[in-house]
Amino acid sequence: MNGEPGFRGIYAIPVTPFNEDLSVDWKSLGKCIEFSVDAGAHGIVIPVNASEGPFLSDTEREMSIQTAVNVVNGAIPIVAGVSGSSVIHSVDLTNKFKDMGVSSVIAMPPNGANTEIMEETYSKIAEIGQIPVWIQNNKPPAGPTIATK
Numbered sequence: 082m083n084g085e086p087g088f089r090g091i092y093a094i095p096v097t098p099f100n101e102d103l104s105v106d107w108k109s110l111g112k113c114i115e116f117s118v119d120a121g122a123h124g125i126v127i128p129v130n131a132s133e134g135p136f137l138s139d140t141e142r143e144m145s146i147q148t149a150v151n152v153v154n155g156a157i158p159i160v161a162g163v164s165g166s167s168v169i170h171s172v173d174l175t176n177k178f179k180d181m182g183v184s185s186v187i188a189m190p191p192n193g194a195n196t197e198i199m200e201e202t203y204s205k206i207a208e209i210g211q212i213p214v215w216i217q218n219n220k221p222p223a224g225p226t227i228a229t230k
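Numbered as in the working numbering, the sequence shown ends at 230 without a single skipped number.
Below you can see the structure in the form of structure tokens.
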């Protein structure tokens with residue numbers, strides 16, 4: 082990474098390209114990530130809502146992270162999408178992706194979560210994962226409204 086403290090600048094969210102049979106086109110994903118790095122992105126965020134993250138299997142999510150890690154090769158931070166069906170699912174993804182070399186994680190709270198569940202979700206991810214956590218907000222019906230207080 083660039084050695085600067087904190088997370089700054091523009092973070093790219095590469096699209097997840099698919100083949101005709103709806104399998105992920107891994108070669109094209111690598112090219113999208115490489116393009117983002119070459120264009121000066123300060124970090125890569127993958128896979129999240131804008132990159133079809135909710136529609137990928139856990140194996141495809143893991144392969145997306147591995148592709149990013151291989152292409153970026155430590156040059157810029159990688160923020161891994163860990164939104165899951167439960168806190169346990171998000172924590173499991175966090176631990177797996179942390180071991181793969183990501184710099185931080187980003188998650189939406191479980192759909193329909195109240196403020197208490199949202200706080201628990203992010204606290205558990207940060208506490209157990211021991212990695213910076215970004216909060217992803219997406220308006221209903223895709224996600225719950227997150228209060229600014």
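For each residue, glycine too, the CB sits at the ideal point set by N, CA and C. Quantities reported herein were computed from a predicted structural model and do not represent experimental measurements.
In the DSSP assignment, find the unbroken alpha helix (DSSP H) run with residue i in it and report its ends.
| i | result |
| --- | --- |
| Ala149 | 139-153 |
| Ser185 | Element bounds for Ser185: not the alpha helix (DSSP H) but the beta strand (DSSP E), 185-188. |
| Gly111 | 107-119 |
Measure the C-alpha to C-alpha separation of residue i and residue j and round it to an integer number of angstroms.
| i | j | result |
| --- | --- | --- |
| Ile125 | Thr97 | 13 Å |
| Phe136 | Lys177 | 19 Å |
| Pro158 | Ile91 | 11 Å |
| Val168 | Ala161 | 15 Å |
| Thr196 | Pro190 | 10 Å |
| Ala228 | Thr202 | 15 Å |
| Val153 | Ser109 | 15 Å |
| Val172 | Asn100 | 30 Å |
Quick one: what's got a C-beta closer than 8 Å to residue i's C-beta in the same chain, skipping five residues either side?
| i | result |
| --- | --- |
| Ala207 | Pro213, Val214 |
| Asn219 | Asn130, Met189 |
Go ahead and label residue i buried or exposed: buried means 16 or more other beta carbons lie within 10 angstroms of its beta carbon, across all protein chains shown.
| i | result |
| --- | --- |
| Arg142 | buried |
| Ser138 | exposed |
| Ser104 | exposed |
| Ile216 | exposed |
Leaving out five residues on either side along the sequence, give the residues of the same chain with a beta carbon under 6 Å from the beta carbon of residue i.
| i | result |
| --- | --- |
| Phe88 | none |
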